[in-house]
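Numbering-wise, the numbering used here comes out as the position in the sequence shown, counting from 1, plus 3.
We treat Cβ as the ideally placed atom computed from N, Cα and C, and that holds for glycine.
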Amino acid sequence: MSAVPLVEQLSREMGISTATALFHGHAPRPVHPVLAPLFRRGGLPRGEIVTMTGAQSLSCALAAIAEATTEQRWCAGIGLGEPAVSSIADLGVDLDHFVNVATPAQDWLRVASILIESFDILVVDPGYLPSAGEQARLLAKVRERRISFISLAPAKGSTEHIEITEARWSGTEHGRGRLRSCRVTARSQTGVHRFLLPGPDGTPAEVPAPVTMPALAEVPAPAEVRTSVARMRSVIRSVG
């Protein structure tokens, strides 16, 4: 097969027009600095599918799109249920550029294929696992439109995999109070990362460094105490 038909086939089936597009992709979208280390190129990929799974994966996905929405990029959520609007805003998402689409689980792929044409970012909780052909066509559209696609379930063809392996809330240690923050452990191709999601102000935050107490200096005993101890030792020796 010559190079020209191969390029045409890649362009038609997968949305790839050149070798540069295949191997280098497009500049990633900016994300919160705390989340940047999760991604291989320090941001949310464009023209690619990212999977986020595990506890707090929805919060992680919403926090990852926040920077883009503040830059007036449009984002749509599909199959996310009805997350609290206040919680989405606390994660830093600009609600003026976020649309949550309620759709039957069996229609998610059709709806996603339509929204890809007009949105910059999609966050999707798939209602079912598509066939290999459906997945290939979806991936081709994602690449062609250069959108950022976050799947909250494993997806074939995804280039980045972020798994939340642990989520530990704090704020009710003594049986009362309110949840303040959640310490998250995430694993991706770049390693294991720990951060707060949400942090104290709702957005991602670094895990605070452990507080170390200074060593207590030895306080010399008063002179009269030293004298009494010496006399007691002398008496013990004489008795012995």
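Taking residue i as the reference, give the member of the options with the closest Cα.
i	options	result
Asp97	Ala108, Ala105 and Ile68	Ile68
Asp101	Ile124, Ser116, Ser191 and Tyr131	A small correction: the amino acid at residue 101 is Phe; Asp does not occupy that position in the sequence shown. Per the Cα distances, Ile124.
Gly46	Thr162, Pro107 and Val187	Thr162
Trp77	Gln192, Asn103, His196 and Val187	Asn103
For residue i, does the count of other Cβ atoms within 10 angstroms reach 16, so buried, or fall short, so exposed?
i	result
Asp99	exposed
Gln59	buried
His177	Residue placement at His177 is poorly supported in this model, since its pLDDT is 48, which falls under 50; the coordinates still yield a value, given next. Classification of His177: exposed, given that the 10 Å Cβ count is below 16.
Ser194	The sequence shown places Gly at residue 194, rather than the Ser named in the question. With fewer than 16 other Cβ atoms within 10 Å, it is exposed.
Ser62	buried
Ala66	buried
Leu132	exposed
What number of angstroms, rounded off, separates the C-alpha of residue i from the C-alpha of residue j?
i	j	result
Gly95	Ile119	23 Å
Arg149	His29	8 Å
Ser20	Ala143	Only weak support exists for where Ser20 lies, its pLDDT of 48 falling under 50; the value from the coordinates is given anyway. Cα-Cα distance, rounded: 11 Å.
Pro157	Thr54	6 Å
Ser89	Gly205	10 Å
Gly57	Pro36	21 Å
Gln138	Ala105	21 Å
Pro107	Pro213	46 Å
For residue i versus residue j, is the C-beta distance shorter than 7 Å?
i	j	result
Gly82	Trp111	yes
Ser151	Arg49	yes
Phe122	Ala79	yes
Val114	Ile153	no
Ile91	Gly160	no
Glu166	Arg197	no
Arg169	Thr188	At residue 169 the sequence reads Glu, which differs from the Arg that was named. For Glu169 and Thr188, yes; Cβs fall inside 7 Å.
Gln109	Gly130	yes
Less than 8 Å between the CB atoms is what I'm expecting for residue i and residue j, so what's the real figure, rounded?
i	j	result
Cys185	Pro201	6 Å
Pro207	Leu38	6 Å
Leu155	Ala64	6 Å
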